[in-house]
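Peer 1: In our numbering, the protein residues as written are 4 to 443.
Note that CB positions come from ideal geometry on N, CA and C, so glycine has one too.
Everything numeric in this text was worked out from a predicted model, so none of it was measured.
Structure (structure tokens):
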């Protein structure tokens, strides 16, 4: 049985939020969310404060069949939290244990044109794109065409960046390579904004990789550089562009028709405009980042991100992707075991945070979860799969100041109101920090 949509709902996936976490501001950003913003594909922490309060909806409580009541409560929750957080537009999808899908939308995809978000509206996935790059690499490992212990330098002898030969594919996947994040180099801000319509090459992005942060394998440092290199490795091994490989190996087999690699493919769905805000007040005026190229937020940033954050799509596609990935349908038993077997404690960020091969694991209000989150200038995303609850949640927004994890948490409280009885298999931990360049 399907859950009937409420006034503006239809169906889909789940994403979690930690019960405790650090500031939601990206590393290196100023206290004013309007002054700095994250650009690359990267995870973001979930605020530790209480959920926005207030009634789920005005008027009498919903009545009717249980499915209708649930859909109505989910939509009312989405509307309420979006308004409380001052988010321009949001799309959320929940996939339930029995395969039932609910999708809810709220707000505007284009503020100036007053265009509403619909279930077909696409958003930039930002760092959630890393789940696709990671899955592609793990597929190649499963086929015996690549190994976790392979040297990245030997696989990429022609790149401009000098890579320590001790850095392995596995270190790139779990951010223990010690390579600095090119998006965190302040010098990248000006050229990225000088002409937002210019396409960047990987070589140009690699020019902004700074001094090594630690010896290979010695410490965890979230770095978009790792996934930029993984994209190059995938291209070398497959003989295809990253866009072609992701489409043929991941998007088409999973039936994700509303998802695409922005840096190289044409839009498959109408894209929401991305917005930044001057100041932190909910009443702050949104500034439209759209550059007219049909790439969100704009071409220079997306092409610079490469395999670290160039994918866009709908919340329905993202929820179904996460469910397929973490349920073993994408990588098979052996590949999924590899995906979920090597979590690294991120001691240099926050005790207890764990990150694996492109996956974050932590507990939200007693619910163990797997997934990823992301922040890109003008966009934030979160997708979480709750294996014990059998629920998957995906939330996409077209702003970069408010954490969509709060929406995940609020929807989870409605979709799976009681904590699971089984203890988490991985340490409870908040999402890793949002890392990428600061664009003013």
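What are the partner residues of residue 358, as DSSP defines its beta bridges?
Peer 2: In the DSSP output, where bridge partners are listed per residue, residue 358 has 347 and 363.
Peer 1: Between which two residues does the beta strand (DSSP E) containing residue 291 stretch?
Peer 2: It spans 289-291 - the beta strand (DSSP E) in which residue 291 sits, taken as one unbroken run.
Peer 1: Using beta-carbon positions only, say whether residue 245 and residue 149 come within less than 9 Å of one another.
Peer 2: Result no, Cβ atoms of residue 245 and residue 149 do not sit closer than 9 Å.
Peer 1: Quick check on DSSP: helix, strand or coil for residue 216?
Peer 2: Here residue 216 sits in coil by DSSP.
Peer 1: Report the rounded CA-to-CA distance for residue 31 versus residue 404, giving the unit in angstroms.
Peer 2: A caution first: residue 31 carries a pLDDT of 26, below 50, which makes its placement in the model too unreliable to give a value.
Peer 1: DSSP three-state label for residue 396, please.
Peer 2: In this structure, residue 396 counts as strand in the three-state DSSP scheme.
Peer 1: Reducing DSSP to helix, strand and coil, say where residue 87 ends up.
Peer 2: The answer is helix: DSSP assigns residue 87 an H, G or I state.
Peer 1: For the segment 184-246, which segments carrying the alpha helix (DSSP H) assignment without a break, of at least 4 residues, lie completely within its bounds, in sequence order?
Peer 2: Listed in chain order, they are 192-197, 205-209 and 227-241.
Peer 1: Which residue spans inside the segment 281-331 form an unbroken beta strand (DSSP E) run of at least 3?
Peer 2: Counting only runs of 3 or more, we get 289-291 and 314-316.
Peer 1: Hey, how far is the Cα of residue 133 from the Cα of residue 250?
Peer 2: Each residue's Cα considered, the two are about 14 Å apart.
Peer 1: For residue 344, count the other beta carbons within 10 Å of its own beta carbon; 16 or more makes it buried, fewer makes it exposed. Which is it?
Peer 2: Residue 344 is exposed by the Cβ-count criterion.
Peer 1: Would you mind giving the Cβ-Cβ distance between residue 319 and residue 122, rounded to the nearest angstrom? I have them listed as a contact below 8 Å.
Peer 2: Yes, residue 319 and residue 122 are in contact; Cβ-Cβ is about 6 Å, under 8 Å.
Peer 1: According to the neighbour-count rule (16 or more other Cβ atoms, all chains shown, within 10 Å of its Cβ), is residue 290 buried or exposed?
Peer 2: Residue 290 comes out exposed.
Peer 1: Helix, strand or coil for residue 379? Go by DSSP, reduced to three states.
Peer 2: If DSSP states are grouped into helix, strand and coil, residue 379 belongs with the strands.
Peer 1: Below 9 Å between beta carbons: does that hold for residue 130 and residue 180?
Peer 2: Contact flag unset, no.
Peer 1: Taking all protein chains shown into account, decide if residue 279 is buried (16 or more other Cβ within 10 angstroms of its Cβ) or exposed.
Peer 2: By the neighbour-count rule (16 or more Cβ atoms within 10 Å), residue 279 is buried.
Peer 1: Which same chain residues, not among the five before or five after residue 37, have their C-beta less than 6 Å away from its C-beta?
Peer 2: Note that residue 37 has pLDDT 29, beneath the 50 cutoff, so the model's placement of it is unreliable and no number is given.
Peer 1: In the structure shown, what three-state DSSP assignment does residue 120 receive?
Peer 2: Coil, per DSSP.
Peer 1: Count the other CB atoms, across all protein chains shown, that sit within 10 Å of the CB of residue 117; report buried if there are 16 or more and exposed otherwise.
Peer 2: With fewer than 16 Cβ atoms within 10 Å of its Cβ, residue 117 is classed as exposed.
Peer 1: Tell me which residue opens and which closes the beta strand (DSSP E) that residue 112 is part of.
Peer 2: From DSSP, the beta strand (DSSP E) with residue 112 extends over 104-113.
Peer 1: Helix, strand or coil: which one does DSSP assign to residue 72?
Peer 2: Note: residue 72 maps to helix in three-state DSSP.
Peer 1: Name the residue from 421, 273 and 155 whose alpha carbon lies nearest to the alpha carbon of residue 394.
Peer 2: Closest option to residue 394, Cα to Cα, is 421.
Peer 1: Return helix, strand or coil for residue 342, following the three-state DSSP convention.
Peer 2: Reduced to three states, the DSSP call for residue 342 is helix.
Peer 1: What beta strand (DSSP E) runs, 3 residues minimum, are completely inside the segment 131-182?
Peer 2: Entirely contained in the segment 131-182, not one beta strand (DSSP E) run reaches 3 residues.
Peer 1: Under 9 Å, do residue 195 and residue 228 count as touching if we go by C-beta distance?
Peer 2: In this structure, residue 228 does not lie closer than 9 Å to residue 195 by Cβ.
Peer 1: Identify which residue in 90, 104, 136 and 96 has its Cα closest to the Cα of residue 114.
Peer 2: Closest by alpha carbon: 90.
Peer 1: Out of 385, 359, 265 and 119, which has the shortest C-alpha to C-alpha gap to residue 324?
Peer 2: Per the Cα distances, 385.
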